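I have placed the structure first, in the form of structure tokens, so that the comments after it can refer back to it.
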Amino acid sequence: MTVHLSILLALPAAGGALGALAGGRAARWWGLAGSLLALAYAIVALVRFHAGDGQQFMTDDMWISAIGVHWKLAIDGLNLGLVVLSTGIFSACTLWATSHDWDNPGLFYFWLGLAHSSVLGALLAQDLLVFVIFFDLMLVPFLFLAGIWSPTPRADRIRAILKLFVYTLVGSLLMLAAAIATAVLNARGGNAISFAFSDLSGTALSKGSQEWIFLFFAAAFLIKMPAFPFHGWMPDGYVNMPMPVVAVFSAVLSKVAAYGFLQIALPLFPQGSQHFQMLLLLIGLASILYGSAMAFTTTNTRLVLGYSSMAQLGFIVLGIFSLDARGAQGALLQAFNHGLVVAPAFFLVALAAARSGGSEDLRDMGGIAFRAPLMATVFLIVALANLAMPGTSNFAGEFLILLGVFKAKIAIALIASVGVVLASAYSLRLLIRAMHNRVGPKVASHEISLRDGLVAVPLVLAIVAIALYPQFALHRSEPAVDGSLSTLPVAVAEAGR
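Written as structure tokens, this is what we have:
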């Protein structure tokens, strides 16, 4: 079977479009079919991928010849795991969404399918302008999904959408300006204008140009993650999205931003990356400490997971900007692991809320484990993975990150290690308050259904599999990570080995 990445990219949007045309109950099955076919296609690519062979399954056609824009897609060690993660999480969350009755379901599954295709487009793109287009496009469906199907009052959802739109618009405009400047400055030396990564890599942009262009890209990526202090949109955004939508948003979209640092910022702007290394390390450290503190103090379960995600993304930023091969590999592994953990965490929180009279407040939960031991067991596995317990999937990623940061900046690494302890505090607090302690005033304890198991169990099995054999992911990503760091100044590149 030949892997055509344009087909992989188009499948979810096509399923959503067919669902919109079919309408009614048929819409959910068309939307689910598009996601599952994309997942099957991604698994075929995973099986056929050969580690160390560079970019594979490439599509490269001239799209807009006047400005050198290529329709160029490929899979390498940097995006392989994230493509599989994205298709898996979107499929699980689409299946989860089919258990709800949505107003105008055709439109709902169309936007969900378009979001899926847009994320895949950003991950697969090997042309800078195509990446920018998909990076911006993938936000648009979430504005509609939050604005139309949010469970909160209209005034609250409008405020959340405006915040999300303004923050990301600023980042998008900065990224667009930086992308155009990169291609134009590269063409000044007599080269034909081109946005393809392969034509831009190794170009001799001046140190000053690299620095301001890097800052523009970094701002866009940090807003999308979000990282402290660019997270102002996150609390309202997370609270005002439907639960399956916020699960996929947290699990997938932030990872595209982390991937952008490895695929674009470090290889194309190595001097800028080195110059602002300490700034990014401090932002990552602040995200860990602030996110952990907020996750421990809030009682809104969505925000517990939202702030814990900020802390985990802080670790990912640390790993990337350790500028060390081990730290960067740990960051890429942790991006995959966090997406794999946070999606079922949102799902389990939603199940707990449904058994607590609809309340998503920790104070209204508790006492479920006694009558729903299977649900409690699944929740325990997810919580232990979230706190990076040795033997879980997150442990290997955080260990490699801290190893890389210890070699680069030992003081930053020592302070960041506090985040590991704080993760234990907020993860165990969430588990104990949601599953154990006293029974909440409106709690109805009953076991998860077969449909619930179809959503949660495959994700939990994947968590266990990666925990047992993280080398499966590390072996496939190692050559690409080394390539991402290879353009850095010699002193930094050697320090990472």
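Each number in this note's numbering comes from the position in the sequence shown (counting from 1) with 79 added on. Every residue, glycine too, gets a C-beta built ideally from N, C-alpha and C. All values derive from a computational prediction rather than experimental measurement.
- The C-alpha of W228 lies about 21 Å from the C-alpha of R434.
- Looking only at F213, K334, I237, the smallest Cα-Cα distance to L224 is reached by I237.
- The C-alpha of F221 lies about 14 Å from the C-alpha of L248.
- The region 464 to 483 and the region 409 to 419 touch, with three or more beta-carbon pairs separated by less than 8 Å.
- A residue is called buried once 16 or more other Cβ atoms fall within 10 Å of its Cβ, and D180, having fewer, is exposed.
- Sixteen is the threshold: since fewer than 16 other Cβ atoms of the shown chains lie within 10 Å of the Cβ of D140, the residue is exposed.
- Assigned with DSSP and collapsed to three states, W150 falls in strand.
- Proximity of the region 208 to 216 to the region 129 to 136 falls short of the contact definition, fewer than three beta-carbon pairs being nearer than 8 Å.
- Out of S401, E439, T456, H515, the CA that lies nearest to the CA of I491 is found in S401.
- With fewer than 16 neighbouring CB atoms inside 10 Å of its own CB, H525 falls in the exposed class.
- Taken through DSSP and simplified to helix, strand or coil, Q413 comes out as helix.
- Contact annotation: the region 274 to 287 does not touch the region 298 to 310, with fewer than three C-beta pairs closer than 8 Å.
- I302 sits close to G250, with the two beta carbons spaced by under 7 Å.
- Assignment of Q135 by DSSP, reduced to helix, strand and coil, places it in the strand class.
- Distances from the alpha-carbon of L360 to those of V396, K334, G339, F348 put V396 closest.
- For F296, the closest alpha carbon among the candidates L252, M313, K286, V383 is that of L252.
- Taking the CA atoms as reference points, Y317 sits about 44 Å from A271.
- Within a 10 Å sphere around the beta-carbon of K286 sit fewer than 16 other beta-carbons, which makes this residue exposed.
- Cβ contact annotation for P323 (same chain, cutoff 7 Å, sequence separation greater than five): C172, W175, A176, in chain order.
- Put simply, the backbone Cα of L118 is about 39 Å away from that of I494.
- Annotated three-state conformation of I143 is strand, per DSSP.
- N379 is bridged by DSSP to D440.
- The way I'd put it, the region 502 to 516 does touch the region 431 to 447; three or more beta-carbon pairs between them come closer than 8 Å.
- The beta carbon of V499 sits closer than 7 Å to the beta carbons of A467, E477 from its chain, once the five residues preceding and following it are set aside; these are given in chain order.
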